[in-house]
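Notes follow the structure.
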Amino acid sequence: MAHSDDPSEPIGFHRGLTSYGDAGFSLFLRKAFIKGAGYSDAALDRPVVGIADTGSAYNPCHGNAPALIEAVRRGVLMAGGLPMTFPTVSLHESFAQPTSMFLRNLMAIDTEEMIRAQPMDAVVLIGGCDKTVPAQLMGAASAGVPAIQLVTGSMLTGGHRGERVGACTDCRRYWARFRAEEIDGAEIAAVNDQLVASVGTCSVMGTASTMACLAEALGISVPGSASPPATTADRMRVAERTGALAVRIARDRLTPDRVLTADAFENAMRVLLAIGGSTNGIVHLAAIAGRLGFAIDFDALDRMARETPVLVDLKPSGRHYMEDFHHAGGMATLLRELKPLLRLDALTITGRTLGEEVEAAGPPFAQDVVRPLDRPIHPQGGLAVLRGNLAPEGAIIKVSAADARLMEHEGRAVVFENAEDLARRIDDPALDVTADDILVLKNIGPKGAPGMPEAGYLPIPAKLARAGVKDMVRISDGRMSGTAFGTIVLHVLPEAAIGGPLAWVQSGDRIRLSVARRELSLLVDDTELERRKAERPVATPGAARGYRKLYLDSVLQADRGADFDFLVPPGVPAKIPTAR
Ligand code: FES
């Protein structure tokens, strides 16, 4: 991404003039219109900081957006800039059909084009719910305008009959208990009132919290900004500082490519592993990195996972919630522990290096949320990359959320052809399934569903759930919510809808999972697989019109972040992490 140190480059309302063929007239007209809103020439001569407003009645995870915007504006004005708020697409997990991931790239395009189209010297990206932060960083990376991420922050936790609860690990836990008939309709309704105790993002280490931590690890947000809950004074002070810093990066022309470097992405991958972060984090990191000409080296990621312990004790892999992480010092506490494994020279949005920011955060103190390197929650990182004839280009398993007993397992496949087939048959009392079987769901990849929904967390069949079965090996080409848990193999590549080997699995086949050997094998010989391929060729899905057509024609596989092929720079991407 080009950045300019040219002091004669136009700033503020002088940049990006609308085409009327007469630059002087374009500026004259622009000023005339904005003066209609009461601005003076003195205000209009300041550097302009755009503020991407993703507040929406459909998005309670961004319910504090008005207060955040007020604090950002205060910071911008204090630092001598002019804040200009503008709307973009907003996405909430539970209100986007068929899945928010289907629309993430649309939000990225909207963000990129609105940053580019409107005059601004820097932009503050206010996001939070799962897909919004990746969409904003993808768009900002491509727009090339100085940008700083501000997350909305986590929700508070609630209480149910003396037990602390929060979205959405506890949503799934209680729903599983309801399905198993351990609790009744009245109790599940009572829990429903308590799971989301305030506005803000999910209170566990789900995708939103993961992306908040990754944004800080990338150096693209204010140090200490990942963890303050949405409704706290700390969150508002972070917003004010974000506004002030936005004016600084506008003046210094600190463009995203100078912050989002190979070293920054390596730091983010390290943090993803150490927090036991959401598997979605790796898809989103691949998408953001892809905009800057990088591609994740999955074998190197697996090596990193083997040497990076899980240190953060948050649900779904551990015990605590985001507000506890904040009280334990947040990212500074984690980064201090991870120092030997980090690229400390990576530049951050403050103009200082990550190492300098860790030093500036002060000394450690006693707490029980972030473990020291020599006393981890899990000795190895949260993720493992699997390969084999069922996933020749790779698959992911979140080891930290899996049942240790099932990580070396061979079983009989019980296959569902797509999400509708699963919904129709999973609870059928006649379903031929035992706890030792392996549930396989096809056609929920980027093109398959489409949009790669979070349907990879297949429910335990009702009759087994009632018998007390809590976990089974489950395999799909889809994603899973960062708040979910279980022995779940995800992102199988290539996906079934484009003819990946997953398409040819049949009920009754044997499958072997070995996390120790990083293996995912279909124990069916090649001749039989070739016969099945010839008998039932795959028809890749398409659409006649609209965004769905654009999506199906252009979406890349999960290892490239499920971005659109025309949004990544041409040429062969550079592998990250780079060799040390
Ligand atoms: Fe928005 Fe979980 S639904 S962060």
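For the sequence shown, the numbering used here gives the first residue as 10, with consecutive numbering after it.
Where a beta carbon is used, it is the ideal one built from N, C-alpha and C, also for glycine.
If you compare the alpha carbons of 284, 359, 473 and 55 with that of residue 258, the shortest gap goes to 359.
Taking the C-beta atoms as reference points, residue 175 is found nearer than 7 Å to residue 212. In the DSSP assignment, residue 395 falls within the beta strand (DSSP E) that extends over 392-397. In the three-state reduction of the DSSP assignment, residue 419 falls in the strand class. Between residue 465 and residue 491, the CB-CB gap reaches or exceeds 7 Å. DSSP places residue 143 within a helical segment (H, G or I) once states are collapsed to three. The Cβ-Cβ distance between residue 454 and residue 506 falls below 7 Å.
Residue state for residue 339 is assigned as helix, using DSSP reduced to three classes.
In this chain, the alpha helix (DSSP H) harbouring residue 246 covers 242-261.
Burial is judged here by how many other beta carbons sit within 10 angstroms of a residue's own beta carbon; residue 327 has at least 16 and is buried.
With contacts defined by Cβ atoms closer than 7 Å, residue 550 and residue 456 form a contacting pair. Around the beta carbon of residue 67, a 10 Å sphere encloses fewer than 16 other beta carbons of the protein chains shown; the residue is thus reported as exposed. For residue 471 against residue 188, the beta-carbon gap comes to about 6 Å, under 8 Å, which counts as contact. Contact annotation: residue 119 and residue 96 have beta-carbon atoms that are not nearer than 7 Å. Taking the Cα positions, residue 267 is about 9 Å away from residue 155. Secondary structure of residue 204 (DSSP, three-state): coil. In this structure residue 443 is exposed. Its beta-carbon is surrounded by fewer than 16 other beta-carbon atoms within 10 angstroms. By the neighbour-count criterion, in which 16 or more other beta carbons inside 10 Å mark a residue as buried, residue 580 falls on the exposed side.
Inter-residue distance for residue 586 and residue 298 is about 11 Å (C-alpha atoms, whole angstroms).
A straight line joining the alpha-carbon of residue 280 with that of residue 331 spans about 15 Å.
With a threshold of 6 Å, the Cβ atom of residue 70 counts as near ligand 1, since some heavy atom of the ligand is closer than that.
For residue 75, the enclosing alpha helix (DSSP H) stretches over residues 74-87.
By the C-beta density criterion, residue 324 is buried, having at least 16 other C-beta atoms within 10 angstroms.
Of the heavy atoms belonging to ligand 1, none sits nearer than 6 Å to the Cβ of residue 180.
Distances from the CB of residue 217 to the heavy atoms of ligand 1 include at least one below 6 Å. Contact annotation: residue 150 and residue 265 have beta-carbon atoms nearer than 7 Å.
Cβ neighbours of residue 216 within its own chain (closer than 6 Å, five residues either side excluded): 139, 287, 289 and 491. Annotation: the stretch 150-200 contains the following complete segments of the alpha helix (DSSP H) (minimum length 4 residues), in chain order: 178-188.
Residue 467 is a Cβ neighbour of residue 448, given a cutoff of 7 Å. At a cut-off of 6 Å, the beta-carbon of residue 463 does not count as near ligand 1: no heavy atom of the ligand is closer than that. By the Cβ test, the stretch 371-378 is not in contact with the stretch 392-410, since fewer than three Cβ pairs between them sit closer than 8 Å.
Inclusion of residue 102 in the 6 Å shell around ligand 1 follows from its C-beta lying nearer than that to a non-hydrogen atom of the ligand. If you check the C-beta of residue 210 against ligand 1, you find a heavy atom less than 6 Å away. In this structure, the alpha-carbon of residue 49 lies about 31 Å from that of residue 160.
Checking the DSSP bridge columns, you'll see residue 95 partnered with 61. The beta-carbon distance between residue 411 and residue 500, rounded to whole angstroms, is 15 Å. This is too long to meet the 8 Å contact definition.
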